Structure formats: structure tokens, C-alpha cells
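Trainee:
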Ligand SMILES: NC(=O)c1ccc[n+]([C@@H]2O[C@H](COP(=O)([O-])OP(=O)(O)OC[C@H]3O[C@@H](n4cnc5c(N)ncnc54)[C@H](O)[C@@H]3O)[C@@H](O)[C@H]2O)c1
């Protein structure tokens with residue numbers, strides 16, 4: 042029986058797919074995502090690519106998943122595609138798309154589930170953002186009783202709506218669908234995607250620590266429940282395969298909260314380099330916490346339901362951080378990724394992004410990103426990176442946002458990166 046995952050080239054869902062395929066050499070899967078696999082995803086899935094089909098398309102398009110209706114060999118579905126906007130600018134500029142993907146896209150996925158004759162189980166991926174600030178006096182936050190009745194921003198509004206629709210589909214159509222609420226996830230494959238244009242705090246901390254850099258934190262007494270993406274994938278696969286599930290909703294979390302101060306210290310000691318300090322100006326801080334919100338969505342989540350299903354438990358935080366740091370070290374062994382790594386570790390640098398690519402047919406192109414993030418390409422005669430390398434650079438330099446998109450010349454940036462990586466400006470001229 043195949044597993045179908047929407048959002049499969051993104052961060053969390055690519056971990057789910059890899060875990061599913063690694064666990065059983067006979068397993069097969071389908072990824073549906075508006076983003077085709079980028080260079081990171083190609084590398085991530087290289088060892089399982091012959092058992093994984095990619096469908097590139099928009100789940101807001103009802104026809105996309107309808108084409109799969111009745112597919113008898115799909116036994117499991119994870120509805121994970123989503124827009125995760127930051128409140129404010131991103132939310133305001135993408136309002137209709139956020140609602141379209143998180144509500145109608147998720148509903149199209151439920152319709153697909155209804156049509157599958159051999160569906161065994163479906164997971165609707167939700168978030169701890171549906172919880173409010175309220176929490177029990179003692180112990181971690183349970184699934185029942187603490188959801189915000191009237192969430193105020195589009196992300197929790199749409200994610201809670203998706204959960205409620207999934208529950209109703211279960212009641213109306215006997216659909217075996219359950220919701221999972223994830224705490225703050227970090228780990229391999231965390232990068233900017235069409236759905237999410239920010240990096241989580243641990244991503245920033247570990248990249249900085251590996252580069253021996255310093256980071257600043259405001260509100261360092263602020264807390265969070267941090268869970269490694271590999272542990273999330275393990276939990277979801279366990280839920281999919283469990284013989285019976287007795288609850289509609291399951292938290293997936295570490296089950297304990299930690300302050301940003303303690304997390305920063307743990308990253309420095311685990312990685313063995315890096316440093317941090319607290320500053321009061323949140324506008325200038327690399328990482329922002331909120332010491333006034335220490336409970337509810339921000340505190341520790343109760344994972345006893347999940348543990349009871351499959352005996353699952355998250356790895357210790359220190360081990361998980363060490364694993365993620367090792368993964369980043371492995372990625373940066375590749376020369377282009379080394380540049381990406383250096384770029385990621387930098388504070389944002391304003392520049393116009395530009396690189397050259399060589400297509401399969403030998404034609405060279407110059408790709409440029411203007412200040413509005415619009416990408417243009419035009420033919421070029423000088424040699425450049427191959428397409429996948431250039432895409433990898435573009436993904437991180439532009440999408441990860443460590444480097445802005447307007448202002449200074451690329452030559453100053455070349456020399457900056459060259460100083461860090463030992464590359465000459467001339468060596469870098471083909472790519473930046
Ligand atoms: N990362 C976290 O800390 C976290 C926490 C709680 C919940 N979640 C949930 O986990 C799921 C995955 O989130 P993520 O953090 O991996 O984000 P992500 O952006 O890396 O992954 C989401 C994927 O959905 C895809 N997508 C967006 N719009 C689409 C569309 N119209 N059609 C098809 N695909 C589309 C994106 O291309 C992306 O690959 C989401 O449902 C999110 O709400 C994540």
C-alpha cells in the first residue's frame with residue numbers, strides 16, 4: 042500500500058516520506074507538492090528515489106488530486122501541505138492563498154481520502170498554534186480543552202478550520218482521519234519553501250554555532266517545546282500503522298519546554314562553538330522570545346496519548362541537536378553547500394542575487410532576482426554552475442533570506458564569502 046503525502050518536498054513532510062521509505066525496502070510513496078524537488082530534496086531522497094513518485098501541482102486545484110481518485114494502491118495519506126505565514130506582512134500579502142491552501146486544499150485531500158477504496162488511515166497535520174495561552178495548573182498541555190475558541194490570525198484560524206473539517210469528514214463519511222498537532226519542529230530539510238519564509242530559532246542557532254558566530258536573543262526567558270523532524274516522522278509513521286487509534290487528535294512534541302537561554306547554551310555546548318547574548322531591542326535580535334507567554338501553546342505539550350499508541354518517545358534534546366548539527370556538517374561537505382552554509386550563518390546582507398546556470402542542452406543562462414524577488418533569466422555565453430547547484434544556491438541565498446535582494450554589488454559579496462571559504466573572487470564569479 043502506497044503512502045501519499047501532500048507537501049512532500051517541504052521540511053517536515055520530506056522527513057515523513059524518507060522515514061516511511063527507509064523503514065521498509067518494499068514501501069512506495071507519492072509526494073504531491075506545488076514545489077518540485079529542489080537540490081536539497083534530490084539529495085535527501087536519492088537513496089529511495091526509485092520508490093517515490095513526485096506529482097508537482099497546486100492542491101487548491103480540485104482536479105489535481107481528483108486524478109488520483111480511486112487509486113487502489115494508496116492505503117495511507119498525510120495531508121501536510123500548508124502555508125505558514127508570519128503574522129503581519131506575509132499574512133496580509135498572501136491572505137487568499139493561505140485560506141485556499143490550508144482550508145480548500147486540505148479539503149481536496151479529504152475528498153481524495155473518501156474516494157480511496159483501500160484507505161487504511163489518514164493524518165491531517167495541524168499545529169500547536171491552535172492552542173491559546175491557557176494551560177493546566179500542573180503538567181503539560183493536553184489535547185482537549187485548551188484550543189483557542191477564536192484564533193486571531195490566519196494561520197491558526199485556517200489550521201483549526203482544517204482540523205474541524207477533517208473531524209466532520211470522519212463523522213459523515215467514516216473516513217479514518219486523525220489530526221496531529223505539532224510543536225516547534227527543527228532538523229534536516231528545514232529551509233525556506235513556497236509555504237514558509239522563515240527559519241526556526243534552532244536552525245539559526247545551530248548554523249551560527251557551527252560557523253563560530255555569535256547570535257543575539259531578545260526575551261531569552263521565552264520558552265518553547267522543540268521536537269526533531271525525524272522524531273515527528275517516526276511518530277506519524279507509528280500513528281499511520283497503529284492497529285487502532287482511540288483519539289481524534291494527538292500532540293507530537295518533545296513533552297518539555299526549554300527557555301531560549303537554556304537552548305542557546307545547549308547548542309553552544311553540544312556544537313562546541315558559537316556564543317550568544319541577550320539584547321533588549323527585539324527589532325535588532327536574531328531570535329525573539331516572549332517571556333510573557335510561558336504556558337499553553339508556548340509551553341510543554343502532553344505526549345502521553347502518542348506514547349501509549351506505539352511506545353514512541355522523542356530522543357533527548359541534546360542528541361537531537363547533535364544529530365541536526367551533524368546533518369548540516371554533512372551537507373556543507375559539498376562545495377556549493379559550503380557557500381550556502383556560510384551565507385546562512387551570516388547576518389542578512391543586502392544584495393541583488395544573481396547566478397549563472399548551464400542547462401542540460403549546454404545553453405547558459407543568467408538568473409537574476411530583482412528587489413521584488415522576481416526572478417528573470419536570460420541566455421549568457423560565460424560558463425556557470427549546473428542547474429541543480431545554482432538552484433541550491435538560489436534556494437538558500439534568496440529564499441532563506443540570510444541575504445536580502447537589493448543593494449550592494451555581487452563582487453563585494455563574492456569577496457566576503459571568498460574570505461570565509463577560501464575561494465577566490467574569480468572562482469565564485471560564475472555563481473554569485
Ligand atoms: N515546521 C513546524 O515547526 C511546524 C509546526 C507545526 C505544524 N507544522 C505543520 O507541518 C506541515 C508542514 O510544514 P513545514 O514546516 O514542513 O512547512 P514547509 O513549507 O516546509 O512545507 C509545506 C509544503 O507545502 C507545500 N505547499 C504549499 N502550498 C501548496 C499548494 N498550494 N499545493 C501543494 N503544495 C503546497 C510547500 O511547497 C511546502 O513544500 C504544515 O501542515 C504545518 O502547518 C509545522
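Numbering (our numbering), first residue to last: 42 to 473.
The beta-carbon is built from N, C-alpha and C at its ideal position, and this holds for glycine as well.
Bear in mind that the values here come from a model prediction, so they are computed numbers and not experimental data.
1. Please give me, in chain order, every unbroken run of the alpha helix (DSSP H) with length at least 4 that falls completely inside the region 127–163.
2. DSSP state of residue 104, grouped into three classes?
3. With residue 204 as the anchor, note down where its beta strand (DSSP E) starts and where it stops.
4. Any heavy atom of ligand 1 closer than 7 angstroms to the CB of residue 52?
5. Compute the minimum distance between the beta carbon of residue 108 and the heavy atoms of ligand 2, and state whether it is under 7 angstroms.
6. Alpha carbon to alpha carbon, what distance is there between residue 254 and residue 150?
7. In whole angstroms, what separates the C-alpha of residue 47 from that of residue 87?
8. Comparing C-alpha positions only, which one of 223, 244 and 45 sits nearest to residue 232?
9. Exposed or buried, what is residue 216 when buried is set at 16 or more other beta-carbons lying within 10 Å of its beta-carbon?
10. Report yes if the C-beta distance between residue 142 and residue 101 is below 8 angstroms; otherwise report no.
11. Quick one: Cα of residue 462 to Cα of residue 252, how far?
12. Can you tell me where the alpha helix (DSSP H) with residue 365 in it begins and where it stops?
13. Counting Cβ pairs, one atom from each stretch, are 3 or more of them under 8 angstroms apart for the region 222–242 and the region 125–139?
14. Given this structure, state the Cα-to-Cα distance separating residue 472 from residue 80, to the nearest angstrom.
15. If distances are taken between C-alpha atoms only, which option among 261, 280 and 148 comes closest to residue 301?
16. Assign residue 110 to buried or exposed, taking buried as 16 or more other Cβ atoms, counted over all protein chains shown, within 10 Å of its Cβ.
17. Determine the direct distance from the alpha carbon of residue 168 to that of residue 146, and round the result to whole angstroms.
18. Let me confirm a value: residue 269 is counted as buried when at least 16 other C-beta atoms fall within 10 Å, else exposed. Which label applies?
19. Less than 8 angstroms separating the beta-carbons of residue 484 and residue 296?
20. When you compare the CB positions of residue 158 and residue 211, do they come within less than 8 angstroms of one another, or not?
21. To which residues of the same chain is residue 184 closer than 6 angstroms at the C-beta, ignoring the five residues directly before and after it?
22. How about residue 276: is its Cβ closer than 7 angstroms to a heavy atom in ligand 1?
23. How would you write the range of the beta strand (DSSP E) that residue 280 sits in, first residue to last?
24. Taking the C-alpha atoms as reference points, what is the distance between residue 175 and residue 181?
25. Tell me residue 328's beta-bridge partners as DSSP assigns them.
26. Which of helix, strand or coil does DSSP assign to residue 320?
27. State the Cα-Cα distance for the pair residue 202 and residue 187, rounded to the nearest angstrom.
28. Excluding five sequence neighbours on each side, which residues of the same chain lie with their C-beta closer than 6 angstroms to the C-beta of residue 106?
29. Could you please give the first and the last residue of the uninterrupted alpha helix (DSSP H) stretch that includes residue 70?
30. Considering only the beta carbon of each residue, do residue 350 and residue 286 sit closer than 8 angstroms?
31. On the CB-based measure, 16 or more other CB atoms within 10 Å of its CB, does residue 313 come out buried or exposed?
32. Mind checking who residue 311 pairs with in its DSSP beta bridge?
33. Kindly indicate which three-state DSSP category residue 239 falls into: helix, strand or coil?
34. Suppose you measure from the CA of residue 328 to the CA of residue 316; what does that come to, to the nearest Å?
35. Return the first residue and the last residue of the beta strand (DSSP E) that residue 94 is part of.
36. Considering only DSSP beta bridges, list what residue 45 is partnered with.
Mentor: Taking the structure as given:
1. 130–134, 136–140 and 147–156
2. Locating residue 104 in the chain shown gives position 63, where the first residue counts as 1. It is helical.
3. For the purposes of this step, residue 204 is identified with residue 163 of the chain shown, where counting begins at 1. Going by DSSP, residue 204 is part of no beta strand (DSSP E) but of the alpha helix (DSSP H) stretching over 195–214.
4. Taking the first residue of the chain shown as position 1, residue 52 is located at position 11. Answer for residue 52: yes, Cβ within range of ligand 1.
5. Ligands in the displayed structure: ligand 1; ligand 2 is not one of them.
6. Taking the chain shown and counting its residues from 1, one reaches residue 150 at position 109. Taking the chain shown and counting its residues from 1, one reaches residue 254 at position 213. Their Cα atoms are separated by approximately 43 angstroms.
7. As a position in the chain shown, residue 47 is number 6, starting the count at 1. As a position in the chain shown, residue 87 is number 46, starting the count at 1. Answer to the nearest angstrom: the Cα atoms are 19 angstroms apart.
8. For this step, residue 232 is matched to residue 191 along the chain shown. Ranking 223, 244 and 45 by Cα distance to residue 232 puts 244 first.
9. Position 175 of the chain shown, counted from the start, is the residue given in the question as residue 216. Residue 216 comes out buried.
10. Taking the chain shown and counting its residues from 1, the one referred to as residue 142 is at position 101. Taking the chain shown and counting its residues from 1, the one referred to as residue 101 is at position 60. The answer is yes: Cβ separation under 8 angstroms.
11. Numbered from 1 along the chain shown, position 421 holds the residue referred to as residue 462. Numbered from 1 along the chain shown, position 211 holds the residue referred to as residue 252. Here the model assigns residue 462 a pLDDT of 49, short of 50, so the residue's position is not dependable, and the following value carries that caveat. So the alpha carbons of these two residues sit roughly 11 angstroms apart.
12. For the purposes of this step, residue 365 is identified with residue 324 of the chain shown, where counting begins at 1. Here the alpha helix (DSSP H) through residue 365 covers 358–372.
13. yes
14. Stepping through the chain shown from its first residue, residue 472 is reached at position 431. Stepping through the chain shown from its first residue, residue 80 is reached at position 39. Low local confidence applies: a pLDDT of 41 at residue 472 is under 50, so the model's placement there is unreliable, and no value is given.
15. On the chain shown, position 260 is the one that residue 301 refers to. The candidate whose alpha carbon is nearest that of residue 301 is 261.
16. Walking along the chain shown from the start, residue 110 turns up at place 69. Residue 110 is exposed by the Cβ-count criterion.
17. Translated into the one-based positions of the chain shown, residue 146 becomes position 105. Translated into the one-based positions of the chain shown, residue 168 becomes position 127. Cα-Cα distance, rounded: 16 angstroms.
18. Here residue 269 is taken as the residue at index 228 of the chain shown, counted from 1. It is buried - the Cβ of residue 269 has at least 16 other Cβ atoms within 10 Å.
19. The structure shown has nothing for residue 484, since the chain only spans 42 to 473.
20. As a position in the chain shown, residue 158 is number 117, starting the count at 1. As a position in the chain shown, residue 211 is number 170, starting the count at 1. No. Outside cutoff.
21. Position 143 of the chain shown, counted from the first residue, corresponds to residue 184. For residue 184, where only same-chain residues beyond five positions count, the Cβ hits under 6 angstroms are 290 and 292.
22. Indexing the chain shown from 1 puts residue 276 at position 235. No, the beta carbon of residue 276 sits no closer than 7 angstroms to any heavy atom of ligand 1.
23. Taking the first residue of the chain shown as position 1, residue 280 is located at position 239. No beta strand (DSSP E) contains residue 280, which is instead part of the alpha helix (DSSP H) from 270–282.
24. On the chain shown, residue 175 is found 134 positions in, with the first residue counted as 1. On the chain shown, residue 181 is found 140 positions in, with the first residue counted as 1. Residue 175 and residue 181: Cα-Cα distance of roughly 11 angstroms.
25. On the chain shown, residue 328 is found 287 positions in, with the first residue counted as 1. Bridge partners of residue 328: 258.
26. Numbered from 1 along the chain shown, position 279 holds the residue referred to as residue 320. The answer is coil: DSSP assigns residue 320 none of H, G, I, E or B.
27. Locating residue 202 in the chain shown gives position 161, counting from the first residue. Locating residue 187 in the chain shown gives position 146, counting from the first residue. Cα-Cα distance, rounded: 16 angstroms.
28. As a position in the chain shown, residue 106 is number 65, starting the count at 1. So the list reads 149 and 153, once near-sequence residues are dropped.
29. Taking the chain shown and counting its residues from 1, the one referred to as residue 70 is at position 29. First-last for residue 70: 70–74, but that is the beta strand (DSSP E), not the alpha helix (DSSP H).
30. Position 309 of the chain shown, counting from 1, holds the residue named residue 350. Position 245 of the chain shown, counting from 1, holds the residue named residue 286. Yes; because the gap between Cβ atoms is below 8 angstroms, this pair is in contact.
31. Locating residue 313 in the chain shown gives position 272, counting from the first residue. Only exposed fits residue 313, as fewer than 16 other CB atoms lie within 10 angstroms of its CB.
32. If you number the chain shown from 1, residue 311 lands on position 270. None, per the DSSP bridge assignment.
33. Here residue 239 refers to the residue found at position 198 when the chain shown is read from its first residue. Correct three-state label for residue 239: coil.
34. Stepping through the chain shown from its first residue, residue 328 is reached at position 287. Stepping through the chain shown from its first residue, residue 316 is reached at position 275. Going by the C-alpha atoms only, they are around 13 angstroms apart.
35. Within the chain shown, the letter at position 53 stands for residue 94. Run containing residue 94: 93–97, per the beta strand (DSSP E) assignment.
36. Mapped onto the chain shown, residue 45 falls at position 4. The partner list for residue 45 (beta bridge, DSSP) reads 71 and 118.
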